[in-house]
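One structure below.
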Amino acid sequence: MQQIINFIIRNKNFLLFLLLFSISIVFTIQSHSYHKSKFINSANFLTGGVYNSVNNISNYFSLKYQNNLLTEENNHLKSLLYNRTEKDSIYIDSVTFDNQYKFTSANIIKNSYSLSDNILLLNKGANDNIHEDFGVISSHGILGIINETSENFSTVISILNTTSNISAKLKSSNHYGSLKWNTKDPRITQLVDIPKIASFKVGDTIITSGLSSIFPKGIPIGTVHDFKLDNTENYYEINVLLFNDMTNIEHVYIIENLNLPEISNLLNGNSNE
Amino acid sequence: MNSLFFAQASRFIILVFFQVLIFNHINFLGYINPYIYILFIAFFPVRNNRMTIILISFFLGLSIDLFLDTGGIHAAACVFTAYIRPVLLKSSFGMIYEHQTIRFNTVDFEAKLSYISLLTLTHHLILFCLEIFSISKVILTLQKTLFSSIFSIILIILITIIFSKKMK
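Residue numbers (our numbering), protein chains in the order written: chain A, 22 to 294; chain B, 1265 to 1432.
And the structure:
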């Protein structure tokens, strides 16, 4: 017993080092697996508050650019609205109100794009009815998926994250693949598992597939930059040039799929049987 | 004792805030960021207990991780750097360190430069190994380590020069 205590006292520095080092490794491994970073995330009172107050000042510097973006989007929506052909004679269902998707606007208060696992911070949280697995888009295209929420803040797993995996498809056909990121360039993500039989060319549009029940179908992602066959020579690996400039985003929309609980219930029920 | 404690505590807080709010948004050439908060570990008083510095480094790294959403990579890198700091001190300063009379203001520049470079390289190597977390991307890891280290070393040397002159 004496020997053990002596050993501990003699090596107390090394043991403390080992303990703390392994704690940090555990945190690291948790952060590398999807939806596991429970303890160490920036959606808490302290870090969220700091980022929020700094963002209150720094967003004045990009006001002009952001205003232009919003006007552009308004312009697009107005043109959609006024060019709609009136269909007076067709029955319009004005009684039901079960829209499938609900939108909430939010601001990004912490952006990051230089790491290999980038996480954004939004200024809306559980108090605004934001929960895990809601989609986040900007006026140009998709951004990511909500990961953790606190009362007033939420973190988003950006599409520029190695754990991100979003179902996407070619606009011209129904070939699906998943969108990943190889950490090299914040403007370009990779669409993998598109079958060899699909035909497309450089410049074609990539949109969300609507299969994942997080994003509705048809949200723009980017265009085909270049492509090659993967190692097995059965699937294409496409470099997608994003519509979004991930280094400069501020106003975003959070999408809630109101049918999500029902869908996941159904899927889980089936898998249990 | 008290004034030393407050000096270190304020240095801790100031370095974390500067790192998180300014130096992490530089993104030079797209991805190169300096990590200057290791100044705290580098210039922590030598005579203090070794356990204290390991423990404080852990919390320093963890608070950076909290802000950057990076899990525990900064904490791990800081703890490792703090643990091997005596080895680096011995190799850079030699006899002065052995006699426990080291004062960072008075040592000559070459020794200081080699000490800071070794410390920064160690820290950044662990940091980027854990951040990228994949053996197949060794080249990317080394590349990021090298470029970020150069940037960090220059900035840290500049900061030490500026602030040591003020004290005189």
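Positions of the beta carbon are idealized from the N, C-alpha and C atoms, including for glycine.
Where residue i sits in the DSSP three-state scheme
i                  : result
Tyr81 of chain A   : coil
Leu1218 of chain B : Nothing can be reported for residue 1218 of chain B, as the shown portion of chain B is limited to 1265 through 1432.
Gly70 of chain A   : helix
Asn278 of chain A  : strand
Asp138 of chain A  : strand
Ala64 of chain A   : coil
Pro241 of chain A  : strand
Leu232 of chain A  : coil
Tyr1295 of chain B : coil
Asn269 of chain A  : coil
His97 of chain A   : helix
His246 of chain A  : strand
Phe1307 of chain B : coil
Ala1340 of chain B : helix
Ser285 of chain A  : helix
Pro1350 of chain B : helix
Glu254 of chain A  : coil
Gln211 of chain A  : strand
Gln1283 of chain B : helix
Asn156 of chain A  : It should be pointed out that residue 156 of chain A corresponds to Gly in this sequence rather than to Asn. Note: Gly156 of chain A maps to strand in three-state DSSP.
Lys1432 of chain B : For Lys1432 of chain B, the predicted model reports a pLDDT of 41, less than 50, meaning its position is unreliable and no value from the coordinates is stated.
Ser133 of chain A  : coil
Glu294 of chain A  : Here the model assigns Glu294 of chain A a pLDDT of 47, short of 50, so the residue's position is not dependable and the matter cannot be decided.
Phe1397 of chain B : coil
Ala219 of chain A  : coil
Asn186 of chain A  : coil
Alpha-carbon spacing of residue i relative to residue j, whole angstroms
i                  : j                  : result
Asn139 of chain A  : Phe1308 of chain B : 31 angstroms
Ile1318 of chain B : Thr183 of chain A  : 31 angstroms
Val1402 of chain B : Phe48 of chain A   : 22 angstroms
Ile1399 of chain B : His1338 of chain B : 19 angstroms
Glu294 of chain A  : Phe236 of chain A  : In this prediction, Glu294 of chain A scores a pLDDT of 47, lower than 50, which makes its location untrustworthy; the coordinate-derived value is nonetheless stated afterwards. Looking at the two C-alpha atoms, the distance is approximately 27 angstroms.
Asn286 of chain A  : Ser234 of chain A  : 12 angstroms
Asn62 of chain A   : Ile218 of chain A  : 42 angstroms
Ile248 of chain A  : Leu279 of chain A  : Strictly speaking, residue 248 of chain A in this sequence is Phe, with Ile absent from that position. Rounded to whole angstroms, Phe248 of chain A to Leu279 of chain A spans 36 angstroms at the Cα level.
Ile130 of chain A  : Ile25 of chain A   : 51 angstroms
Val1284 of chain B : Ser74 of chain A   : 13 angstroms
Ile240 of chain A  : Gly162 of chain A  : 6 angstroms
Ile209 of chain A  : Trp202 of chain A  : 8 angstroms
Phe1292 of chain B : Tyr86 of chain A   : 22 angstroms
Val71 of chain A   : Ser193 of chain A  : 45 angstroms
Leu1419 of chain B : Val245 of chain A  : 40 angstroms
Lys1432 of chain B : Thr1424 of chain B : Because the pLDDT of Lys1432 of chain B is 41, which lies under 50, any placement of that residue in the model is unreliable, and the number read from its coordinates should be weighed accordingly. Going by the C-alpha atoms only, they are around 13 angstroms apart.
Pro1298 of chain B : Ser1416 of chain B : 4 angstroms
Leu84 of chain A   : Leu1352 of chain B : 48 angstroms
Val157 of chain A  : Gly69 of chain A   : 18 angstroms
Lys33 of chain A   : Ile167 of chain A  : 42 angstroms
Glu153 of chain A  : Ser1378 of chain B : 47 angstroms
Lys1430 of chain B : Asn1313 of chain B : In this predicted model, Lys1430 of chain B has a pLDDT of only 49, less than 50, meaning its place in the structure is not dependable enough to derive any value.
Gly1512 of chain B : Arg105 of chain A  : Outside the modelled stretch of chain B, which goes from 1265 to 1432, sits residue 1512 of chain B, for which no answer is possible.
Phe1323 of chain B : Phe1269 of chain B : 16 angstroms
His196 of chain A  : Val177 of chain A  : 27 angstroms
Ser135 of chain A  : Pro207 of chain A  : 8 angstroms
Tyr122 of chain A  : Leu164 of chain A  : 17 angstroms
Leu40 of chain A   : Ile1320 of chain B : 14 angstroms
Ile319 of chain A  : Met1315 of chain B : As shown, chain A starts at 22 and ends at 294. That puts residue 319 of chain A outside it, with no answer to give.
Asn120 of chain A  : Ala147 of chain A  : 21 angstroms
Asp266 of chain A  : Asn88 of chain A   : 15 angstroms
Leu90 of chain A   : Ser160 of chain A  : 8 angstroms
Integer Cβ distance of residue i from residue j, believed to fall under 8 angstroms
i                  : j                  : result
Leu1382 of chain B : Ser1356 of chain B : 7 angstroms
Ala127 of chain A  : Val273 of chain A  : 5 angstroms
Ile46 of chain A   : Ala1340 of chain B : 6 angstroms
Ser137 of chain A  : Thr204 of chain A  : 4 angstroms
Ser199 of chain A  : Leu141 of chain A  : Going by Cβ atoms, the distance from Ser199 of chain A to Leu141 of chain A rounds to 20 angstroms, so no, they are not a contact pair.
Thr92 of chain A   : Ile275 of chain A  : Their Cβ separation, rounded to whole angstroms, is 22 angstroms, which puts Thr92 of chain A and Ile275 of chain A out of contact at 8 angstroms.
Tyr1295 of chain B : Phe38 of chain A   : No, Tyr1295 of chain B and Phe38 of chain A are not in contact; Cβ-Cβ is about 30 angstroms, not under 8 angstroms.
Leu212 of chain A  : Ile259 of chain A  : 4 angstroms
8 angstroms Cβ cut-off: residues of chain C touching residue i
i                : result
Ile46 of chain A : No chain C is present in this structure, whose protein chains are A and B.
### Members of the stretch 60 to 87 of chain A near chain B, C-beta cut-off 7 angstroms
Ile61, Asn62, Ser63, Thr68, Val75
### Message
Please list, in chain order, the residues of the stretch 167 to 187 of chain A that have any C-beta partner in chain B closer than 7 angstroms.
### Response
Thr176
### Query
What residues from the stretch 1305 to 1323 of chain B come within 8 angstroms of chain A, judged by C-beta to C-beta, listed N to C?
Arg1314, Met1315, Ile1318, Leu1319, Phe1322
### Message
Count Cβ pairs between the stretch 1269 to 1276 of chain B and the stretch 171 to 183 of chain A that sit closer than 8 angstroms; are there 3 or more?
### Response
no
### Message
Between the stretch 221 to 231 of chain A and the stretch 188 to 198 of chain A, can you find at least three pairs of beta-carbon atoms closer than 8 angstroms?
### Response
yes
#### Entry: the stretch 1405 to 1417 of chain B in contact with the stretch 1379 to 1395 of chain B per 3-pair CB rule at 8 angstroms
yes
#### Entry: Interface positions of the stretch 1334 to 1348 of chain B facing chain A (Cβ-Cβ less than 7 angstroms), listed along the chain
Thr1334, Gly1335, Gly1336, Ile1337, Ala1339, Ala1340, Val1343, Phe1344, Tyr1347
### Query
Taking one C-beta from the stretch 1367 to 1376 of chain B and one from the stretch 1341 to 1354 of chain B each time, how about it: are there three or more such pairs within less than 8 angstroms?
no
### Query
Is the stretch 94 to 107 of chain A close to the stretch 250 to 264 of chain A, with three or more CB pairs under 8 angstroms?
no
### Message
Beta carbons nearer than 7 angstroms to chain A: which residues of the stretch 1368 to 1397 of chain B have them?
### Response
Leu1394, Glu1395, Ile1396, Phe1397
#### Entry: the stretch 249 to 271 of chain A: positions lying closer than 9 angstroms to chain B by Cβ
Thr268
#### Entry: Against chain A: residues of the stretch 1287 to 1300 of chain B by CB proximity under 7 angstroms
Asn1291, Gly1294, Tyr1295, Asn1297
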